[in-house]
Amino acid sequence: MAPDELPHDIVLDRVYAEYVRLGGICNDYIRNALGDIRLFGAIGALLVWDPLARLLELDARLQQPVTPVGFLVLLLVTVLVMFYDLLKQSIFFFHLSRLRELERVLNRELGGQGALYHLAGGWPGWFRRHHAPVARGFWGVFYLLVVAFPSILLFLQGYAAWLLVYLASALVLLGWHARCALRVLRSLDT
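Quick note: the sequence shown, position 60, residue 60 per full-length UniProt numbering, numbers continuous.
Below is the structure:
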């Protein structure tokens with residue numbers, strides 16, 4: 001039922017309690033999503049540990065090649081974590097859409113005194129103006145790191161065939177993630 005079609009005798013205490021409950025759920029999603037950066041950090045540490053450890057040994061400079069299969073596995077794990085975060089973001093956006101409906105009801109009951117409740121309703125605009133540019137920068141650097149670092153090492157070690165496999169896999173998996181992420185982001189407009 002659309003917020004404008006709700007009966008005026010709806011108990012506002014129940015609407016506000018639901019608003020608070022969903023707000024708490026959204027805060028938990030945000031806290032957990034921001035905590036997932038540790039997963040990306042662990043993946044990054046795994047990605048650079050072996051090559052950097054060998055580079056720092058002056059007498060053993062890359063004499064044993066980095067395993068190309070290891071890079072592919074790390075790519076798959078990275079993309080798995082990225083999709084996991086995307087699932088959480090989708091659920092978060094669903095809760096935001098419910099919060100927007102509750103905000104409309106609460107603001108309507110204020111009798112035109114402005115939009116006192118505007119957290120969920122204000123997120124899409126804030127996201128486009130302020131959050132998205134920062135997020136694009138983060139993902140740009142992240143994609144560059146995930147693609148460029150392994151590619152350079154594979155090239156320097158003469159693994160041309162593995163380099164092509166890695167680049168093709170990265171292009172498909174990261175492109176798929178970007179496509180799904182855009183679909184989730186479009187849900188903000190509904």
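In this text, a Cβ means the ideal position worked out from N, Cα and C, and glycines have one as well.
Keep in mind the model is a prediction, meaning the values are calculated, not measured.
Quick one: give me the first and last residue of the alpha helix (DSSP H) that residue i is part of.
i	result
F94	P68 to E109
A161	A160 to R186
V141	A132 to L156
L119	L119 to W126
So which of the options has the shortest CA-CA distance to residue i?
i	options	result
L154	V11, G70 and R38	G70
T78	F142, F138 and L119	F142
W176	F83, Y29 and L22	F83
L174	P133, W139 and R38	W139
R136	A178, L22 and L167	A178
G35	V81, F149, G23 and A148	V81
G23	V165, P68, G158 and W123	W123
R186	A132, A148 and V11	A132
L144	L156, H118 and L167	L167
P68	C180, G125, L39 and V165	V165
Look at residue i and residue j and say whether their C-beta atoms are less than 8 Å apart.
i	j	result
S169	L72	yes
F127	L188	yes
V184	L99	no
Y16	L106	yes
H95	C26	yes
L102	E18	yes
A33	K88	yes
S97	T190	yes
Use the C-beta contact count for residue i: other C-beta atoms within 10 angstroms, 16 or more gives buried, fewer gives exposed.
i	result
A120	buried
R61	Reliability fails at R61, whose pLDDT of 46 lies under 50, so the model's placement of it is uncertain and the value that follows must be treated cautiously. Exposed, since its Cβ has fewer than 16 Cβ neighbours within 10 Å.
L182	exposed
D59	The predicted position of D59 is uncertain, since its pLDDT is 48 and thus under 50; no value can be drawn from it.
V146	buried
D13	exposed
L163	buried
If you measure from the CB of residue i, is any heavy atom of the ligand MN nearer than 7 Å?
i	result
H95	Ligands are entirely absent from the displayed structure, and the ligand MN is therefore not among its contents.
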